[in-house]
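Note that the numbering used here has the sequence shown beginning at 19, numbered continuously upward.
Backbone N, C-alpha and C fix where the C-beta goes; we use that ideal spot for every residue, glycine too.
This one's a predicted model, so the numbers in the text were calculated from it and none came from an experiment.
A short worksheet on the structure shown next.
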Amino acid sequence: MTTKKHNTVKSIQRSIILIILGIVLFSCENDINVINSLKIDENQPVESTYNVKMNISDSGHVMMILESPQVDKYISDREYVEMPKGIHIIFYDSVGDVRSTLDADYAISYSGSKIMEAKNNVIAVNSKGQTLYTEELIWDQRNHKIFTENEVKIVTENKVLFGDGLTADESFHDWEITHPRGEIPIDGFDDDTTAQGNTQNSPN
């Protein structure tokens, strides 16, 4: 009688252990499924905001306004935001006057490095009336610089300059074409005034 009762108890214990193991394994499987489902969404934005207008101030003064029809936030190997429908940025000086504007059809900004890449139909205009045209422009927000290695065209008051590569301050006031290829007077072509191979700087 005692042996039979002992065997019954052991049988019940084994059943309980199997049930517990089943629950644990099921829970683990569910946790893995949840994790896998999160990984599937890794390449999808975790947040999308529309018709964005962002004011960035310093000591109470608006230094920059960024506008974009759509801003998508991603979290993968590094956090970044993408502006797939373009950007419009206005830079201001300390007294509130516009120093420059920047437009592009696409932009991506990396939060950790403070680097923004503007691409496709990039146009920058400064308060001197000088206009930069290029297909890619990188903005180093930490060092307040913009640069590109792509082909550039700059239209000033009296001439159009061409070259490859450019470095400038973020307001596009002090700039330099890295590899100039020439210039054309606004009133037409003039071989005597066409410069080849000389460094082209922003006029004072």
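Candidates the options: closest to residue i by CA position
i    : options                   : result
E201 : N219, S189, D192 and H191 : N219
I164 : K171, I172, E154 and P102 : E154
N139 : I133, D123, S131 and K132 : D123
S77  : G114, I107, E188 and H106 : G114
M82  : T196, S112 and H197       : S112
H197 : L179, S189 and F190       : L179
R199 : L150, K171, F190 and H191 : K171
H79  : Y110, P63 and I93         : Y110
D192 : E167, N144, V173 and T152 : N144
S75  : I108, L150 and Y151       : I108
K103 : I93, S118, I126 and T119  : I126
E167 : N73, I195 and S118        : I195
Residue i to residue j span [Cα, whole Å]
i    : j    : result
V146 : V116 : Inspection of the sequence shows that residue 146 is occupied by Lys rather than by Val. Spanning the two alpha carbons is a distance of roughly 11 Å.
E169 : D95  : 31 Å
I204 : N176 : 5 Å
A186 : S66  : 32 Å
G181 : N61  : 37 Å
Y98  : K71  : 18 Å
A136 : Y68  : 18 Å
S131 : T174 : 32 Å
V64  : Y151 : 33 Å
L43  : K91  : Because the pLDDT at L43 is just 46, under 50, the model does not fix this residue reliably, and the value given afterwards should be weighed accordingly. For L43 and K91, the distance between alpha carbons rounds to 35 Å.
Q148 : I93  : 37 Å
D121 : M101 : 12 Å
S118 : I105 : 14 Å
Residue i - DSSP class collapsed to helix/strand/coil
i    : result
N144 : strand
N161 : coil
N69  : strand
N139 : strand
N61  : helix
F190 : coil
I133 : strand
N176 : coil
I156 : strand
D205 : coil
D95  : coil
Paired residues, beta bridge with residue i - DSSP
i    : result
E100 : D90 and I126
F109 : M82 and S118
D182 : E169 and H197
S75  : V80
The region 140 to 158 contacting the region 80 to 93, beta-carbon criterion three pairs below 8 Å
no
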